[in-house]
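Each residue of the sequence shown is one higher than the one before, counting from 403 in my numbering. Just so you know, even glycine gets a beta-carbon here, dropped at the ideal spot from N, CA and C. What follows is a single structure, written as structure tokens, with notes after it.
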Amino acid sequence: MESSLIKRNERRKRRVFRIRKHVRGNAGKPRLCIYKTNQHISAQLIDDESHLTIVSAGTQQKDFPKNAEARKCKDSARQVGKLIAEKAKEKSITAIVFDRGRYKFHGIIAELAAGAREAGLQF
């Protein structure tokens with residue numbers, strides 16, 4: 403008899419693999435990968451061909467503005483999106499593939515995407 407925790411984790415893994423098999427990034431159009439916890443959110447631009455992280459941004463980094471009251475609110479997610487878009491522009495990246503991972507495109511994930519689009523990333 404499997405516990406509900408094991409079943410839940412298996413469903414999460416399947417959901418990630420189901421999405422990831424359609425979403426691939428390369429050097430010209432990297433994958434924007436999102437990860438969130440109960441307190442923080444982070445994003446990475448990944449080149450799947452060479453398995454390298456090109457740029458990253460998150461609420462735990464030193465260059466993140468400290469004036470955000472709650473680290474994992476929608477405003478912080480929008481700021482992370484703008485921050486990763488600015489770092490991508492420095493590396494001359496304008497087009498990306500959005501990988502929401504196991505999360506629904508709703509709330510904090512949608513705000514991060516909106517912030518990245520505002521700052522000039524196309525996806």
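Check: In the DSSP assignment, find the unbroken alpha helix (DSSP H) run with V499 in it and report its ends.; Outcome: Where V499 is concerned, there is no enclosing alpha helix (DSSP H), although the beta strand (DSSP E) it sits in stretches over V499 to D501.
Check: Quick test of the definition: if touching needs 3 or more C-beta pairs under 8 angstroms, does the region 410-421 touch the region 429-442?; Outcome: no
Check: Rounded to the nearest angstrom, what separates K409 and S494 at their Cα positions?; Outcome: 42 angstroms
Check: Let me confirm a value: A515 is counted as buried when at least 16 other C-beta atoms fall within 10 Å, else exposed. Which label applies?; Outcome: buried
Check: Along the chain, where does the alpha helix (DSSP H) that runs through Q481 open and close?; Outcome: K476 to E492
Check: Report back the beta-carbon spacing between T455 and Q463 to the nearest angstrom; my notes put them in contact at under 8 angstroms.; Outcome: Between Q463 and T455 the Cβ distance is about 13 angstroms, and since that is not below 8 angstroms, they are no contact.
Check: Let me know the secondary structure DSSP gives G522 once reduced to three states.; Outcome: coil
Check: At least one CB of chain D closer than 8 angstroms to the CB of V457: is that the case?; Outcome: Structure shown: chain D not included; a single protein chain is present.
Check: For K409, which of helix, strand or coil comes out of DSSP?; Outcome: helix
Check: Figure out for me which residue from I421, F466, E451 and F419 has the closest Cα to the Cα of Q481.; Outcome: F466
Check: To the nearest angstrom, report how far apart S405 and R417 are at their CA atoms.; Outcome: 19 angstroms
Check: Rounded to the nearest angstrom, what separates V457 and G430 at their Cα positions?; Outcome: 13 angstroms
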